[in-house]
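K.L.:
First the structure, which I've put down as structure tokens, then a few questions once you've had a look.
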Amino acid sequence: MDEFGSSIQHAEEPNFRVVPLIYLPEQIPYSLLFPIKNLSKDEEVTRDFIEGPIRTPSDRRVLLLPWEPISFISEDFHQEEPVMNYTEHASLYMKLCDEFIEDFQMQYAGHQWEMLEKKIFSMFREVLEAATCKQPPLSIGHNPQSRALYAADIMLAWRTDDDGCRVMQPKLLEINWTPDCQRA
Numbered sequence: 025m026d027e028f029g030s031s032i033q034h035a036e037e038p039n040f041r042v043v044p045l046i047y048l049p050e051q052i053p054y055s056l057l058f059p060i061k062n063l064s065k066d067e068e069v070t071r072d073f074i075e076g077p078i079r080t081p082s083d084r085r086v087l088l089l090p091w092e093p094i095s096f097i098s099e100d101f102h103q104e105e106p107v108m109n110y111t112e113h114a115s116l117y118m119k120l121c122d123e124f125i126e127d128f129q130m131q132y133a134g135h136q137w138e139m140l141e142k143k144i145f146s147m148f149r150e151v152l153e154a155a156t157c158k159q160p161p162l163s164i165g166h167n168p169q170s171r172a173l174y175a176a177d178i179m180l181a182w183r184t185d186d187d188g189c190r191v192m193q194p195k196l197l198e199i200n201w202t203p204d205c206q207r208a
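Numbered by the numbering used here, the letters in the sequence shown go through residues 25 to 208 in order.
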């Protein structure tokens, strides 16, 4: 946008609409002003920097924030990665659910697997409800013929609850569509 168009003040109820125009033969940018209200003498020309419909007031506030060219390259983001030990000829140790629950109860005697399992199922429910809460293409659509398979990688993290006790908190790492069920 040219200097004139960018210097017009923003207003929630503007009196002009500003449209950019580029004169291609000479590559000159212009701002076309269209009055949308009657103006009185010495009234300030204003415009709305947000064009189009806005869903919520918070969207409008976010869109009005100035853009800042910030590089996140130097930021240190910690991300847990699942162990990728699924090599072609690796031997995998499989444990039945009943065995796992017994071993879990022996190793973590103060923690009930049933309570942790409820937390895990609740987490899955929240994720799947969020993934299907809108119509496509914004989310996964309903399809009664679908036979899609999903696999989830989770980790259990230690945290302190409101009472000061150490508890296990399930953390979702990733969900895969059509997983390799023979290897996992």
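The beta carbon of each residue, even a glycine, is placed where N, CA and C say it ideally should be. Quick caveat: nothing in here was measured; it's all calculated off a predicted structure.
(1) Rounded to the nearest angstrom, what separates Asp26 and Pro49 at their Cα positions?
(2) Please list the segments of the beta strand (DSSP E) lying wholly inside the stretch 102 to 170, counting only runs of 3 or more residues, in order along the chain.
(3) Would you check if there are 3 or more beta carbon pairs closer than 8 Å linking the stretch 147 to 154 to the stretch 192 to 203?
(4) What distance in whole Å lies between the Cβ atoms of Leu88 and Ile74, which are believed to be in contact at a cut-off of 8 Å?
(5) Quick check on DSSP: helix, strand or coil for Asp177?
(6) In this structure, how does DSSP classify Val42 when only helix, strand and coil are distinguished?
(7) According to the neighbour-count rule (16 or more other Cβ atoms, all chains shown, within 10 Å of its Cβ), is Val42 buried or exposed?
(8) In this structure, how does DSSP classify Leu197 when only helix, strand and coil are distinguished?
(9) Is any heavy atom in the ligand SAM found nearer than 7 Å to the beta carbon of Gln33?
(10) In this structure, does DSSP put Leu87 in helix, strand or coil?
(11) Where Ala155 and His166 are concerned, what is the direct C-alpha to C-alpha distance, given to the nearest angstrom?
(12) Return the chain-ordered list of same chain residues with a C-beta closer than 8 Å to the C-beta of Thr184, the five sequence neighbours on each side being excluded.
P.N.:
Taking the coordinates as given:
(1) Taking the sequence shown and counting its residues from 1, one reaches residue 26 at position 2. Taking the sequence shown and counting its residues from 1, one reaches residue 49 at position 25. The predicted model places Asp26 with a pLDDT of 44, which falls under 50 and marks its position as unreliable; any figure quoted below should be read in that light. Near 17 Å, if we compare the C-alpha coordinates of Pro49 and Asp26.
(2) none
(3) yes
(4) Position 50 of the sequence shown, counted from the first residue, corresponds to residue 74. Position 64 of the sequence shown, counted from the first residue, corresponds to residue 88. 7 Å between Cβ atoms; contact.
(5) For this step, residue 177 is matched to residue 153 along the sequence shown. Three-state DSSP puts Asp177 in a strand.
(6) One-based indexing of the sequence shown puts residue 42 at position 18. Val42 falls in the strand class under three-state DSSP.
(7) To locate residue 42, count along the sequence shown from 1; it is residue 18. It is buried - the Cβ of Val42 has at least 16 other Cβ atoms within 10 Å.
(8) Mapped onto the sequence shown, residue 197 falls at position 173. Strand.
(9) Looking for the ligand SAM in the displayed structure turns up nothing, as the structure carries no ligands at all.
(10) Counting from one through the sequence shown, the residue named residue 87 turns up at place 63. Helix, per DSSP.
(11) Taking the first residue of the sequence shown as position 1, residue 155 is located at position 131. Taking the first residue of the sequence shown as position 1, residue 166 is located at position 142. So the two alpha carbons sit approximately 11 Å from each other.
(12) By one-based count along the sequence shown, residue 184 stands at place 160. Arg190, Val191.
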